[in-house]
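K.L.:
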Amino acid sequence: MNSREKYDYWLEAAQYDLDSARVMMYGGRYMYVAFMSQQAVEKLAKGIYTLYTGNEPPMIHNIWNVLRQLKREVNLSEYIPINQFEEDLQKYKSFFAELLSYYISGRYPSFKEKISSTIDSNRAKRVLNNTEEVFQWIKSLNQYKK
C-alpha cells in the first residue's frame, strides 16, 4: 500500500470509532463515548502521520506527541500553512491530554471506575462535540498532501 492507501485505511478505522462514539452517546454509555472518541482521534492522527511521512506511525497513544513527531520529521511548511497548524495544535493541546486520560482509563479497570463516575451526559456530549471538531481539523490536513 502507498501512503494514501494507508491513510484511507486509518481514516476508515477512525470514522468507525467516531460513529461508535455517537452510538454510545445515544445509548447512554458515556465512558465509551470518551474512549471511542480518543480512539477516533488517535487513529486519524496516525493516518495523517502515515500520509506525510510514508512510515508506520509511532506506537504511542498520545495524540499531541504523534502530531509533534510529524512536525519534527517532515517540513510541513512545504504542504500546510504552518502557522495555522501550530495555532490549532496549541488550541487542542489540553483536549488531547483529556483524551489520553480516557485511553488509559479504558484499558485499566481501576482508572475506568474512577473516570466512569465523572463522565455524565453533559461531559460526554462536550467530549463528543470537541472530538468532532478536532476530527474535522485533522482530516482537513489530508488535502495538502497530493
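Numbering (the numbering used here), first residue to last: -8 to 137. The beta-carbon is built from N, C-alpha and C at its ideal position, and this holds for glycine as well. These numbers come from a predicted model, not from an experiment.
1) Leaving out the 5 sequence neighbours to the left and right, which residues in its chain are closer than 6 Å to A4 when beta-carbon positions are compared?
2) Excluding sequence positions up to five away, which residues of its chain have a Cβ less than 7 Å from the Cβ of I73?
3) Please look up how many angstroms separate the CB atoms of T122 and A36, rounded, as I've assumed it's under 8 Å.
4) Out of curiosity, what's the CA-to-CA distance linking M16 and D79?
5) Exposed or buried, which one is D8 when buried takes at least 16 other CB atoms within 10 Å?
6) Measuring straight from C-alpha to C-alpha, what distance separates Y94 and Q29?
7) From K82 to V125, what does the alpha carbon distance come to, in whole angstroms?
8) Helix, strand or coil for Y83? Go by DSSP, reduced to three states.
9) Between V65 and Y43, is the Cβ-Cβ spacing less than 7 Å?
10) So, are the CB atoms of Y70 and Y135 less than 7 Å apart?
11) Do you know how far the Cα of V14 is from the Cα of I39?
P.N.:
Concretely, from the data shown:
1) Locating residue 4 in the sequence shown gives position 13, where the first residue counts as 1. Hits under 6 Å: K34.
2) The count along the sequence shown starts at 1 and reaches residue 73 at position 82. So the list reads L67, once near-sequence residues are dropped.
3) Residue mapping note: residue 122 aligns to position 131 of the sequence shown, counting from 1. Residue mapping note: residue 36 aligns to position 45 of the sequence shown, counting from 1. Wrong, their Cβ atoms sit about 12 Å apart, outside the cutoff.
4) Mapped onto the sequence shown, residue 16 falls at position 25. Mapped onto the sequence shown, residue 79 falls at position 88. Answer to the nearest angstrom: the Cα atoms are 26 Å apart.
5) Locating residue 8 in the sequence shown gives position 17, where the first residue counts as 1. Classification of D8: buried, given that the 10 Å Cβ count is 16 or more.
6) Indexing the sequence shown from 1 puts residue 94 at position 103. Indexing the sequence shown from 1 puts residue 29 at position 38. Using only the alpha carbons, I get a separation of about 6 Å.
7) Position 91 of the sequence shown, counted from the start, is the residue given in the question as residue 82. Position 134 of the sequence shown, counted from the start, is the residue given in the question as residue 125. Their Cα atoms are separated by approximately 10 Å.
8) The residue given as residue 83 occupies position 92 in the sequence shown. Looking at Y83 - three-state DSSP - the assignment turns out to be coil, as it is neither helix nor strand.
9) Taking the first residue of the sequence shown as 1, we reach residue 65 at position 74. Taking the first residue of the sequence shown as 1, we reach residue 43 at position 52. Yes, Cβ-Cβ distance for V65 and Y43 is below 7 Å.
10) Mapped onto the sequence shown, residue 70 falls at position 79. Mapped onto the sequence shown, residue 135 falls at position 144. Judged by their CB atoms, Y70 and Y135 are nearer to each other than the 7 Å cut-off.
11) Residue numbering aside, residue 39 sits at position 48 when the sequence shown is read from its first letter. Residue numbering aside, residue 14 sits at position 23 when the sequence shown is read from its first letter. Spanning the alpha carbons of I39 and V14 requires a straight line of approximately 25 Å.
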